[in-house]
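Enquirer: Chains as they are written, first to last, in the UniProt record's numbering: chain A, 1 to 271; chain B, 1 to 271; chain C, 1 to 271; chain D, 1 to 271; chain E, 1 to 271; chain F, 1 to 271.
6 protein chains.
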Amino acid sequence: MTKPRFDTILITGAAGRLGTELRRGLAPLARKLRLTDRTEIADLQPNEEATVADLADFDAMRKLCEGVDAIVHFGGAPNERPWAEILDSNIRGSYHIYESARQAGVRRVVYASSVHAIGYHRLEDHIDANDPHRPDSLYGLSKCFVEDLGRLYWDKFGIESAMLRIFSSFPEPADRRMLWSWLSFDDCVRLVTAALTAPRVGFTVSFGMSDNAVKPVDNRLAGHLGYRPQDNTERFREAMEERTPTPKPDAPAVRTLGGWFVDLGHPDDEE
Amino acid sequence: MTKPRFDTILITGAAGRLGTELRRGLAPLARKLRLTDRTEIADLQPNEEATVADLADFDAMRKLCEGVDAIVHFGGAPNERPWAEILDSNIRGSYHIYESARQAGVRRVVYASSVHAIGYHRLEDHIDANDPHRPDSLYGLSKCFVEDLGRLYWDKFGIESAMLRIFSSFPEPADRRMLWSWLSFDDCVRLVTAALTAPRVGFTVSFGMSDNAVKPVDNRLAGHLGYRPQDNTERFREAMEERTPTPKPDAPAVRTLGGWFVDLGHPDDEE
Amino acid sequence: MTKPRFDTILITGAAGRLGTELRRGLAPLARKLRLTDRTEIADLQPNEEATVADLADFDAMRKLCEGVDAIVHFGGAPNERPWAEILDSNIRGSYHIYESARQAGVRRVVYASSVHAIGYHRLEDHIDANDPHRPDSLYGLSKCFVEDLGRLYWDKFGIESAMLRIFSSFPEPADRRMLWSWLSFDDCVRLVTAALTAPRVGFTVSFGMSDNAVKPVDNRLAGHLGYRPQDNTERFREAMEERTPTPKPDAPAVRTLGGWFVDLGHPDDEE
Amino acid sequence: MTKPRFDTILITGAAGRLGTELRRGLAPLARKLRLTDRTEIADLQPNEEATVADLADFDAMRKLCEGVDAIVHFGGAPNERPWAEILDSNIRGSYHIYESARQAGVRRVVYASSVHAIGYHRLEDHIDANDPHRPDSLYGLSKCFVEDLGRLYWDKFGIESAMLRIFSSFPEPADRRMLWSWLSFDDCVRLVTAALTAPRVGFTVSFGMSDNAVKPVDNRLAGHLGYRPQDNTERFREAMEERTPTPKPDAPAVRTLGGWFVDLGHPDDEE
Amino acid sequence: MTKPRFDTILITGAAGRLGTELRRGLAPLARKLRLTDRTEIADLQPNEEATVADLADFDAMRKLCEGVDAIVHFGGAPNERPWAEILDSNIRGSYHIYESARQAGVRRVVYASSVHAIGYHRLEDHIDANDPHRPDSLYGLSKCFVEDLGRLYWDKFGIESAMLRIFSSFPEPADRRMLWSWLSFDDCVRLVTAALTAPRVGFTVSFGMSDNAVKPVDNRLAGHLGYRPQDNTERFREAMEERTPTPKPDAPAVRTLGGWFVDLGHPDDEE
Amino acid sequence: MTKPRFDTILITGAAGRLGTELRRGLAPLARKLRLTDRTEIADLQPNEEATVADLADFDAMRKLCEGVDAIVHFGGAPNERPWAEILDSNIRGSYHIYESARQAGVRRVVYASSVHAIGYHRLEDHIDANDPHRPDSLYGLSKCFVEDLGRLYWDKFGIESAMLRIFSSFPEPADRRMLWSWLSFDDCVRLVTAALTAPRVGFTVSFGMSDNAVKPVDNRLAGHLGYRPQDNTERFREAMEERTPTPKPDAPAVRTLGGWFVDLGHPDDEE
């Protein structure tokens, strides 16, 4: 049997929807998966070790990064949240991860960025990874921050970062928009695996989608990651289109990459 | 059985070469196909209704657009013609379609634009949909006009348009140039179908070719249409190359996208 | 005294606001100015000859182009008008000019295109001459048509065209928008002169503005015309800002190049 | 005497080097300048009112933004500082400004961003405002954050932002690098004035330099601000070159836009 | 049986690693393959004729080009060599080929250019064929020279050239870098065949790689050649990664297209 | 009096038209000018030392580069010449200069490249320094070679190069084309001075023209050199246009940057 490529990979957000998939999918890559989340992680496997901790707790993060070969940073608030939470979980929390990586000598971080970092761009803009940020929410804003943080830590400290702008990763497309924005769990694992094993990552931004027919962004600038999606949404199309109404062409879910996030108000406003 | 996506689609030029293919190919998309052409339309099917009318007749067009969900505008002179005919059929005729669409509340138009709108660009330029018009004929000039007309009706009146720059859609490649410019009838139907069903069209220009090996244009800016060609010309290559001479590298049929149209003189000149 | 560069220049629209300025400004360039307009032209000078004629009358245009060295085509409807008039004056009329030029052997045309050919682009887009058309009116649409017509006549028949997208050419800025869109009459004459005398025009699109502080477009692609504006609106700024309210940032007059044209409805709609 | 354009402008960081210049320079624009800083503001003028407050104090900021027409946000740590201070002053502090602006209905913010948001780009890259962030420090990272914050508040809430990436604004060039990076105080005032009075700002990024001979960035995308620098460093060149050694071509001060900031280590490391 | 497309193709460097593959692979394309190399060519086939000659010998080259339909120029030093040899074999030698082609009336040349013509570009730059040369060696510099030579002979004398920037063409990947840079022998034959038979080559630069997962360059500008790679390195990946250490992200073999060539010193330096 | 910036500058081609101007113009920059040319250099000044030598003689060049701070390489054939001479003077000769610079530790080279390295681009292409080479002659081809040579010596050996693509540097415009292509002697000295004294050159390509009204190229990518032309051809225009005929728009002198060079045949052809 082949020796795994890594000794220890740290996965943050390991109790989450994607974290759970990554535990399964990344298992062959490392002798040990070190898992962490704010909540208890179920069904620990022999190749896993788990710690309940908060990203906002620097000392805990610093300790978790010790002896780690690579970090798969999928932790933090996974959705629009009040500013205080975004600030703590996503901004301060991610800073703690990067700064811990630096202090602990970790060389590569794979980060769950999001389509919401660029949510106000339109489908017909066909942006690539060099186009400017256009966050659609405080959540998206925090993703922009972490991308820039990774850029700094690469330029200044030589820590590689793959910023995976995940569109919609669910068991299957949950609405019409996901017919183009869907990232299957298997493709998600493929993308993270590519980012972990690519010969050179430096600072790379990649759009995370399956090979769906409708292609609203240009992913060529991440070509050196070697990610090859193998799923698409065609098998879900007919049923989805049957049970949901055709949206207006100016509905955010068809106009902007970020979909209905662009219509969210400020999370701290009282309803 | 699934309910068709549209109630009524209007097809102009329905008696033409491509119109005939579209009648067959688009049938599953709509409860009813409303057909029109200058000449009689043969073999009407139960799902079809037909009207003989001239595009230059605004009132007729206005009436045909009533109650229509989408227009597939493939009518007009399909080739270089004298100015008077281009003006009447293609320029005035297409204006009548768009203005009727506006008055009748139709929300999407799929138009048979043409490679001849950009015929003077060269293969090695690898233009994309944002490159400037370079018509190669009065025919191509009228296609440019309709593209701009559609742009105006989208920006000002919110009517979506897919401008399909069809290269060479024939039963099979008829000359060497079509080894790269061919659009199979099935791919033509796929392209129109994608344009009718894409979640967001706005104003989109797409190059209409099959998946031929030689690729002289960059179609990424139409990626949101979701068109996936499935045919190519490889099976015709050997026979075609055997029975036709190798062209000079500066022959228009290999140098420019428009092929021999660039060598046409003015259609009103006496020979 | 130096010999004028041209023998005869034809000016269409010679009775109009800009036509009148051009009569004065272009006088030194030609031995004779041949003028035409739909209405009587006042105060004929010894170096001028005038003909009242309609652009829609091909034979009249054909005759006017005989023996001409260059055409300064400023005729046609200068504003949004009903479709029938746009079609006749601007589309058919300009075709008559180009086709007459071809038949008569005229080698260069300088055309009064307009900002309204690209009126839906925003100031912050900083478009250049290769960006796509985005007409804001039927008037703008006709300008797009003539630009493409000139492109065809250059590529196919070798007739050079300078397409001058005039922004706002008035005696002085008439509203706030003109603080950035103004083209002084003197700069207008400079621009037409440059277009007439540049060593190589081929097919060139140039934005027609004075050297105003606010610069919303990128004119470098017309650098080979040698146009150097010498006026600007600074001396009008204070008074204008005092007597007019600050517009909202989304008012069309500050958002789009075309200004309030983007808010016009269809000219044929009854009010 | 003309009525000032604004009733009240809020200036943050008003006790700082640039804040002091802005008090003088912006006085003619507003009936009243509302000033704030962490430290006492000296020499209050009749047109000024001042409040000592910390950007990290949301309630104080919220109150200061009440009734304000525009905000000139020059407050926060002006240099590389420990993470805790960057987080509080620049990240949280600027969020407080934007969120207060939203709640108070302020429509335009002019922000002192910095070359350090893009410090790792090289002079020969000639970046423009759409090129990606490349912060060179935690300080620069916070500037990136505020730019993205402003982008969000424009796209979602319609608050305009001019992000002025100030290079080196000092009484005169203090080292060789400033021969190209210098922004004179007068040009700084011109730039802020342009940003406050431009007809349309939307979300605009502008590089803040005087008209120095060496031009390492492309500022055309801010052309709609109407900023025209009038100073340059030529009069300082000879003396500066005489008293300072010629740097190596790979010294950060000549290689990167950020200069010696790229050589700074992490501010929290013990020396 | 079909008539071969060409009568005679000249292959230079026919005794080399790739020359040998091309003898086999191009046989069906021509009635006769004329082979030349500095060394004896083994195993001559009935469809082949061979001449031992030096590229530096103009008269010999001139004679070999007589009566030839196309030249596949794979001769010259295949690696970094002292200046004197590079100058003679690659610079003077290739000039002899082009000048002989001109004198003999040959219309198309397919040249083995190299990744080392652009070796200092990084993988994450994703350059295309229009990006500037960045040679990584005297060898690479000579490839740049021949590309420019071909450009001249196309623009001035109408001789078409396909410049194939071959990455790593070996029986199988020989090191980790070749997991992305490999060009299988079969794909190499496909690429040369495409370049020989494409309808229009003009002057075309194409990157020569198989369809490997990691894609560090953008080959769309050669789309008109019709090259479709069919091999990739996935089947070699696991074994290769097992037996070789993971490189540092700044090792030249993962950072730059040219790999370890960028670390070579000057070939004439004494070690 | 100020100390000159350099101790010793080597000027090659010092007896030539531009070399003579540079002796005068660069005198203030260095304590000593070391001059070399194939022919005797007249009127030696106290600050000058001169050596007659051939660029093809490596040992002579190696010796001349000893102890030099910067090289202004204006030597070699200044015009289209037979291949043997181009090869010896321009290709081998320039290699000798760069290799001597490397061995002698010289850190910066300023090279007289030429418009003829890009002569086939058209005026309306408005190329910038990153557009591909398109030589119009063997002479131009050798300029391309030296540009690539300099690129290699910068990337590999850290020797800076400014490649000045001089258009037409003569006492005054000698033909109509020079109305746009002229570089006054004073501006030539300004450009070389800027290239010698710029804080960072790295590898820079700059177009060498005066500030003429007609601008056919985009020089922004050399903005970090700090070159500011102060002359233009307006004062020569009227007389020149009077005494020379208006060229056809397709004459090479108005169509291509290289002018009549594009119409030259091969220099080795017998006439």
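No residue lacks a Cβ here, since even glycine has one placed at the ideal position from N, Cα and C.
Among the residues of its own chain, which have a CB less than 6 angstroms from the CB of arginine 62/F, if the five just before and after it don't count?
Expert: Cβ neighbours of arginine 62/F beyond the five flanking positions: Ser100.
Enquirer: Using C-beta distances below 6 angstroms, list every residue in its chain close to glycine 140/D, excluding the 5 sequence neighbours before and after it, in chain order.
Expert: If we look at glycine 140/D and ignore the five residues flanking it on each side, its Cβ neighbours are His116, Ala117, Gly119.
Enquirer: In three-state terms, what does DSSP make of phenylalanine 34/D?
Expert: A small correction: the amino acid at residue 34/D is arginine; phenylalanine does not occupy that position in the sequence shown. Here arginine 34/D sits in strand by DSSP.
Enquirer: By Cβ distance, which residues of its chain are closer than 7 angstroms to leucine 44/D, with the 5 residues on each side in sequence left out?
Expert: Within the same chain, leucine 44/D has close Cβ partners Ala50.
Enquirer: Counting only Cβ pairs nearer than 7 angstroms, list the residues of chain A close to arginine 134/D.
Expert: Here the neighbours are Arg151, Asp155.
Enquirer: Tryptophan 83/F touches chain E at which residues, Cβ-Cβ below 8 angstroms?
Expert: The answer, in chain order, is Tyr95, Glu99.
Enquirer: For cysteine 65/A and isoleucine 97/A, what's the separation of their Cα atoms in angstroms?
Expert: Cα-Cα distance, rounded: 8 angstroms.
Enquirer: Looking at arginine 34/A and histidine 126/E, is the spacing between their C-beta atoms short of 8 angstroms?
Expert: No, the pair does not count as a contact, with Cβ atoms beyond the cut-off.
Enquirer: From this set, Gly105/C, Val262/C, Gly202/C, Glu124/C, which residue's C-alpha is nearest lysine 215/C's C-alpha?
Expert: Checking every option, the nearest Cα to that of lysine 215/C belongs to Glu124/C.
Enquirer: Give the secondary structure of phenylalanine 170/F by DSSP, where H, G and I count as helix, E and B as strand, and everything else as coil.
Expert: Three-state DSSP puts phenylalanine 170/F in coil, outside helix and strand.
Enquirer: Out of Asp175/B, His121/B, Tyr95/B, Asp136/B, state which residue places its alpha-carbon closest to the alpha-carbon of arginine 151/B.
Expert: Of the listed residues, the one whose Cα sits closest to arginine 151/B is Tyr95/B.
Enquirer: Is residue 297/A close to chain B? Criterion is C-beta to C-beta, closer than 8 angstroms.
Expert: Nothing about residue 297/A can be reported from this structure: the residues present for chain A run from 1 to 271 only.
Enquirer: Which bits of chain B does leucine 141/C rub up against, with CB to CB less than 7 angstroms?
Expert: Here the neighbours are Asp148, Leu149, Leu152.
Enquirer: Within the same chain, show all residues whose beta-carbon is closer than 6 angstroms to that of aspartate 54/E, passing over the 5 residues directly before and after it, in chain order.
Expert: The answer, listed in chain order, is Arg38.
Enquirer: Within the same chain, show all residues whose beta-carbon is closer than 7 angstroms to that of isoleucine 86/C, passing over the 5 residues directly before and after it, in chain order.
Expert: Cβ neighbours of isoleucine 86/C beyond the five flanking positions: Ala77, Leu138, Tyr139, Ser142.
Enquirer: Could you spell out where the beta strand (DSSP E) holding glutamate 99/E opens and where it closes?
Expert: Per DSSP, glutamate 99/E belongs to no beta strand (DSSP E); it is in the alpha helix (DSSP H), 93-104.
Enquirer: Mapping DSSP to helix, strand and coil, what is aspartate 186/A?
Expert: Aspartate 186/A falls in the helix class under three-state DSSP.
Enquirer: What runs of the beta strand (DSSP E), each 3 residues or longer, lie entirely inside the segment 176-241 of chain F?
Expert: As far as the segment 176-241 of chain F is concerned, its whole beta strand (DSSP E) runs of at least 3 residues are 203-208.
Enquirer: Nearest by alpha-carbon distance to serine 184/E: which of Thr233/E, Ala60/E, Gly67/E is it?
Expert: Taking only the C-alpha atoms, the option nearest serine 184/E is Thr233/E.
Enquirer: Are the C-beta atoms of isoleucine 91/C and some chain B residue less than 8 angstroms apart?
Expert: Output row for isoleucine 91/C: interface = yes.
Enquirer: Which residues, in order along the segment 118-134 of chain E, keep a beta-carbon less than 7 angstroms from a beta-carbon of chain A?
Expert: Listed by position, the residues of the segment 118-134 of chain E near chain A (Cβ gap below 7 angstroms) are Leu123, Glu124, His126.
Enquirer: On the CB-based measure, 16 or more other CB atoms within 10 Å of its CB, does arginine 108/C come out buried or exposed?
Expert: Arginine 108/C comes out buried.
Enquirer: What are the start and end residues of the alpha helix (DSSP H) that includes glutamate 147/B?
Expert: Run containing glutamate 147/B: 138-157, per the alpha helix (DSSP H) assignment.
Enquirer: Cβ of alanine 195/F within 8 angstroms of Cβ of leucine 149/F?
Expert: The answer is no: Cβ separation not under 8 angstroms.
Enquirer: Tell me the DSSP secondary structure of threonine 8/E in three-state form.
Expert: Threonine 8/E: strand per DSSP, three-state reduction.
Enquirer: Taking Cβ-Cβ distances below 8 angstroms as the criterion, which residues of the segment 48-68 of chain D are in contact with chain H?
Expert: Included in the structure are the protein chains A, B, C, D, E and F, with no chain H among them.
Enquirer: Using DSSP with H/G/I as helix, E/B as strand and the rest coil, what is leucine 264/C?
Expert: Coil, per DSSP.
Enquirer: Ignore the nearest five residues each way along the sequence and tell me which others in glutamate 58/D's own chain have a CB closer than 6 angstroms to its CB.
Expert: In the sequence under discussion, the amino acid at residue 58/D is phenylalanine, which differs from the glutamate named in the question. Contacts found: His96.
Enquirer: Use the C-beta contact count for arginine 177/D: other C-beta atoms within 10 angstroms, 16 or more gives buried, fewer gives exposed.
Expert: Buried is the call here.
Enquirer: Give the range of the beta strand (DSSP E) segment to which arginine 108/A is assigned.
Expert: Arginine 108/A -> beta strand (DSSP E) spans 108-114.
Enquirer: Can you give me the C-alpha to C-alpha distance between aspartate 88/A and valine 146/A, rounded to a whole angstrom?
Expert: Distance between the alpha carbons of aspartate 88/A and valine 146/A: 13 angstroms.
Enquirer: Would you grab the beta carbon distance between threonine 12/E and arginine 31/E for me? Rounded to a whole angstrom, and I think it's under 8 angstroms.
Expert: Contact flag wrong, Cβ pair sits at about 19 angstroms.
Enquirer: What are the residues that DSSP puts in a beta bridge with valine 72/C?
Expert: Valine 72/C is bridged to Ile11/C, Val110/C.
Enquirer: Going along the chain, which residues of its own chain have a beta-carbon closer than 7 angstroms to the beta-carbon of glycine 67/E, five neighbours each way excluded?
Expert: The residues are Thr8.
Enquirer: May I ask you to report which of helix, strand or coil DSSP gives leucine 257/D?
Expert: Coil.
Enquirer: Per DSSP, what kind of secondary structure is isoleucine 118/F in: helix, strand or coil?
Expert: Of the three classes helix, strand and coil, the one that applies to isoleucine 118/F here is coil, per DSSP.
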